[in-house]
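To keep things clear, I will list the structure first and then write my remarks on it.
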Amino acid sequence: MPRWPGWAYKNSGIMYHGQTADTMTLGQSFPVSGEFQFLGADPGQTRGTGNLCTPGTHILKDAKTIRQHVIEVGGPSLEGEQWVKAELEVNGHHIIHRINGQEVYRYQHLVFDPKDADVKRILPTDSLEITSGTISLQSESHPIQFRNIELKVL
6 MPRWPGWAYK
16 NSGIMYHGQT
26 ADTMTLGQSF
36 PVSGEFQFLG
46 ADPGQTRGTG
56 NLCTPGTHIL
66 KDAKTIRQHV
76 IEVGGPSLEG
86 EQWVKAELEV
96 NGHHIIHRIN
106 GQEVYRYQHL
116 VFDPKDADVK
126 RILPTDSLEI
136 TSGTISLQSE
146 SHPIQFRNIE
156 LKVL
């Protein structure tokens, strides 16, 4: 029997525009944020990487609100243990996910989900749009290594 749920296996990522730790509750599963999700695959398994997860958030894409929690973007399936170059570009309201130099998803405006219980505690009164927050590296239940981490001002 695996030590982690199937969705958590080889699941890691970058969380951005994140909620600060001091505003989270002890039992809260994830910070309110956007997540550039990295998924690894076992040999023979197809599991696209570069997805977008939206704990407590939604996005705007092509003038439409997307409310799915996991947006599968059709990124490459990467088998075994290998280094992957992941790039997250956040330039104003425009956000791009790249895997190994190839763009896999592009969207605009990360916004709060006003119906989410965790968001209700921290929701600003002036806007649903998220324009700042923490950046964190994330790993579900499987060992992961990160290297060559860079932050660049655009």
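First residue of the sequence shown: 6, per the working numbering; consecutive thereafter.
Note that the Cβ used here is the ideal one computed from N, Cα and C, for glycine as well.
Computed from a prediction, not measured in an experiment: that's the story for all the values here.
1. What first and last residue would you give for the beta strand (DSSP E) that runs through A122?
2. Taking just the CA atoms, how far does G97 sit from L133?
3. Beta strand (DSSP E) containing T139: first to last residue?
4. Would you mind stating whether T28 and I127 have Cβ atoms separated by less than 9 Å?
5. Using DSSP's beta-bridge definition, name the partner residues of N96.
6. With 16 other CB atoms within 10 Å as the buried threshold, where does Q42 fall?
7. According to DSSP, is T70 helix, strand or coil?
8. What first and last residue would you give for the beta strand (DSSP E) that runs through R111?
9. In three-state terms, what does DSSP make of T28?
10. Does the distance between the C-beta of I19 and the nearest non-hydrogen atom of the ligand NAD fall short of 8 Å?
11. From P48, L31 and P119, pick the residue whose C-alpha is nearest to that of D131; which is it?
12. Starting from the C-beta of I76, find all residues in its chain whose C-beta is less than 8 Å away, skip the five residues before and the five after it, and write them out in chain order.
Quick answer:
1. Annotation: A122 is outside any beta strand (DSSP E); the continuous alpha helix (DSSP H) that includes it extends over A122 to I127.
2. Cα to Cα, L133 sits roughly 15 Å from G97.
3. Here the beta strand (DSSP E) through T139 covers T139 to S144.
4. Yes; because the gap between Cβ atoms is below 9 Å, this pair is in contact.
5. Answer by DSSP bridge pairing, in chain order: H99.
6. So Q42 ends up on the buried side.
7. Three-state result, T70: strand.
8. Start and end: Q107 to F117.
9. DSSP places T28 in helix when its eight states are reduced to three.
10. Only the bare structure without any ligand can be found here, which leaves the ligand NAD out of the picture.
11. Of the listed residues, the one whose Cα sits closest to D131 is P119.
12. N56, L57, C58, T59, I64 and Y110, listed in sequence order.
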